[in-house]
Amino acid sequence: MEMMLSKITRKIWILAVTLIVAFFVVGQLVEAKESDYAAEQYSKIKEIEIQAGERQKIKIGFKNVGRYNWRSTGKNFVSVYTFGPKYRQSVFEDELWLGADQPAKLKDPLVGPTQLGYFEFYLQAPDKQGVYAEKFALAAENKLWIPGGQFELVITVKDEIADSVPQEASAGETVVTATVEETAPTALKIIDGQEPTVRVGLFTTEEPIIFTSPYTYEIKNTQGEFFCVLNLNEEASVSYVEASRIYHIKCPTTDFTSASPVRVEPTEIISFMELKNYEKYLRWLPKVNNNKFRGVIEINFSKDNGYLWVINEIPFESYIKGIAESSDNKNQEFLKALAVAVRTYGLNNLSNPVKHNGKGFDVDADIDQVYRGYAFEEQMPFWSNAIDATRGIVVTYKNEVATTPYFACSSGRTRTWREAWGGMDKPWIKSVKTPYDRGYSRLGHGVGMSLHDALTRAKKGALYDEILKYYYSGVEIKSVY
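Last residue of the sequence shown: number 824 in our numbering, and the count goes up by one each step with no gaps.
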């Protein structure tokens with residue numbers, strides 16, 4: 344009996360020693376594996392601006408510089424958490440987040456050493472305006488915070504702007520939008536000479552871009568290398584593979600690859616291109632897909648923010664025709680006043696080279712002014728006529744192009760720059776009475792020209808330059824090209 348107990352005791356002792364040794368060995372193995380996690384930020388997001396209450400998609404890339412694979416599934420999946428402090432509830436939490444402190448998992452199923460991995464998530468802006476610094480970090484679930492995986496997003500939440508229209512617009516009633524920034528650039532010197540060209544960031548995508556046209560186009564890259572001719576009503580597509588950093592071009596008869604961004608260029612100035620797998624609708628034109636564009640279409644991957652951008656390069660006047668700031672009201676004096684304000688404001692956006700620095704374009708089709716291209720131009724002949732009638736004409740103050748904000752409707756008066764956005768007042772932007780807005784609620788920021796009040800003035804016989812000079816004090820109306 345004693346011998347049996349002795350044997351049992353020995354077995355228990357051996358098992359205990361084995362478990363202790365195993366514990367330390369496993370502990371060393373886990374620690375060694377943990378030291379093999381490391382990240383290096385690949386794409387940096389320089390600026391984020393969101394209107395209060397709106398949401399915006401973010402994509403950020405990291406290179407796996409460790410020796411351990413990253414995975415999007417399993418007990419040690421890699422994801423983004425809030426940081427500084429850890430696991431805090433973010434005021435930018437979106438309904439698609441994994442949790443209030445966890446925006447997203449790794450997008451790719453597997454990212455091996457030296458490979459690039461991406462994380463995508465939405466930011467839902469709070470109602471409070473201001474500049475926020477949101478800190479995040481990469482983590483291997485149940486394991487560790489990944490060294491090098493911390494990043495910060497500086498987010499400016501802007502005043503909510505009426506993006507559209509009265510929902511029940513009667514026949515002949517003008518529908519207006521107002522998309523004006525809170526902190527517009529300082530006035531620029533007048534452009535002397537010829538019409539500028541503008542590069543518009545239309546949208547980002549991960550899918551191939553499929554295009555066709557009733558006109559002839561040539562497909563090249565930004566280095567001038569020619570690939571093919573796209574004849575009438577033929578289809579072609581361009582896609583991009585991030586891992587190899589190569590563009591793939593599918594022409595009607597042959598496929599090509601390119602290390603440089605791809606351009607689809609018209610052979611005639613009247614041409615327009617249709618992007619077949621792109622959909623963009625306006626609330627007040629729900630049956631019109633705004634997927635047609637004049638000028639050049641360029642597919643360009645931005646290393647700065649890790650997005651594949653579709654860019655429309657176009658003469659400035661054609662760009663103005665595609666800006667969806669009004670329905671096609673027949674009152675030409677009102678539309679001409681709006682055209683001049685839109686053109687003037689657009690030139691200020693064009694003159695601010697750092698706003699979209701590194702993205703490959705001058706203005707954003709949604710953030711700066713709502714641009715919907717040739718499909719919108721087709722629906723708005725009176726708007727196009729007003730732009731042609733005022734070609735190159737802008738608002739100036741002391742011989743410089745002035746910033747000309749505009750908005751949908753006031754409640755009886757406009758507001759000064761400082762009153763709405765703080766900072767220094769603009770001498771040409773004063774508070775003026777808008778009697779035709781009385782009894783209405785304010786729609787928009789309230790600075791500059793009230794489109795509702797301006798339309799009534801035009802209907803009562805005011806000329807477009809008189810309308811502009813009422814809202815913008817001490818200005819002149821001049822042609823700059």
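A virtual CB, placed ideally from N, CA and C, is assigned to each residue, including glycine. The structure displayed is predicted, hence computed values, not measured ones.
- Comparing alpha-carbon positions, the option among LYS702, MET767, TRP760, SER603 lying closest to TYR815 turns out to be TRP760.
- The continuous beta strand (DSSP E) containing LYS593 extends over residues 589-593.
- For GLN675, there is no enclosing beta strand (DSSP E); the enclosing alpha helix (DSSP H) covers residues 675-693.
- Counting C-beta atoms within 10 angstroms of its own C-beta, LEU453 has fewer than 16 neighbours from the protein chains shown and is therefore classed as exposed.
- According to DSSP, LYS400 shares a beta bridge with TYR465.
- Residues VAL541 of the same chain have their beta carbon placed closer than 6 Å to that of TYR662, with the five preceding and five following residues left out of the count.
- Between GLU383 and VAL408, the alpha-carbon positions lie close to 6 Å from each other.
- With contacts defined by Cβ atoms closer than 8 Å, GLY689 and PRO658 do not form a contacting pair.
- Where ASN728 is concerned, the enclosing alpha helix (DSSP H) starts and stops at 724-732.
- Leaving aside the five residues that flank GLY536 on each side, the residues in its chain whose CB is nearer than 8 Å to its CB run, in chain order, TYR824.
- If you compare the alpha carbons of PHE420, GLU438, LYS698, PHE479 with that of ARG431, the shortest gap goes to PHE479.
- If you check the CB distance, GLN445 and TYR424 come in under 8 Å.
- Listed in chain order, the non-local C-beta contacts of ASP705 below 6 Å within the same chain comprise VAL541, ARG542, LEU693, local neighbours out to five positions each way being set aside.
- Contact between VAL605 and TYR590 holds, since their C-beta atoms are separated by about 5 Å, short of 8 Å.
- CA-CA distance, HIS795 to SER784, rounds to 11 Å.
- With contacts defined by Cβ atoms closer than 8 Å, VAL737 and VAL683 form a contacting pair.
- A distance below 6 Å between beta-carbons, with the five flanking residues on each side excluded, links LEU449 to the following residues of its chain, in chain order: TRP413, SER415, VAL421, GLY460.
- ASP379 carries a coil assignment under DSSP once its states are collapsed to helix, strand and coil.
- In the DSSP assignment, ILE663 falls within the unbroken alpha helix (DSSP H) covering 659-664.
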